[in-house]
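Everything in the sequence shown is counted per this note's numbering, starting at 14 for the first residue and increasing by one. C-beta: ideal position from N, C-alpha, C; glycine also.
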Amino acid sequence: MEALNTRKNPLGGRLSRGADTLAKLRRFPSRFQELEQEVQETQRLHQRVAELTDIVAEILVPAADRDEERIRAVLAKYNETSF
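This is the structure in structure tokens:
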């Protein structure tokens, strides 16, 4: 049936594709904003992982040296700043 419509109106297919493209372009700003928010959330998560990695390193090095006071200080600092 679509083939018949296209034969009767050769612009029908082009208009349909044009309308689809226009609809996609209209959705672009909101989709772009969603992607920006996702990137920001990913950056926050990466920052958090980096902070936790630093904390683990601070704990493991003193633990290897058996510096109990420094371990307590690092854990206390972590408890204050963690979610």
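Contact belief for Ile84 with Ile68 at Cβ below 8 Å, rounded distance in angstroms:
The residue given as residue 84 occupies position 71 in the sequence shown. The residue given as residue 68 occupies position 55 in the sequence shown. So it is not a contact: roughly 11 Å between Cβ atoms.
Between Gln53 and Thr94, what straight-line distance do the alpha-carbon atoms span, to the nearest angstrom?
Reading the sequence shown from its first residue, position 40 is the one you call residue 53. Reading the sequence shown from its first residue, position 81 is the one you call residue 94. Taking the straight line joining both Cα atoms gives about 20 Å.
Rounded C-alpha distance that separates Asp80 from Glu49
Along the sequence shown, one-based indexing puts residue 80 at 67. Along the sequence shown, one-based indexing puts residue 49 at 36. About 44 Å.
Exposed or buried, which one is Asp87 when buried takes at least 16 other CB atoms within 10 Å?
Indexing the sequence shown from 1 puts residue 87 at position 74. First, the residue type needs correcting, since residue 87 is Val and not Asp in the sequence shown. Under this definition Val87 is a buried residue.
Comparing alpha-carbon positions, which option in Ala36, Tyr91, Leu35 lies nearest Thr66?
Counting from 1 along the sequence shown, the entry for residue 66 is found at position 53. Residue Tyr91 is the option with its Cα nearest to Thr66.
Grouping DSSP H, G and I as helix and E and B as strand, with all else coil, what is Asp80?
Working through the sequence shown from its first residue, we reach residue 80 at position 67. Correct three-state label for Asp80: coil.
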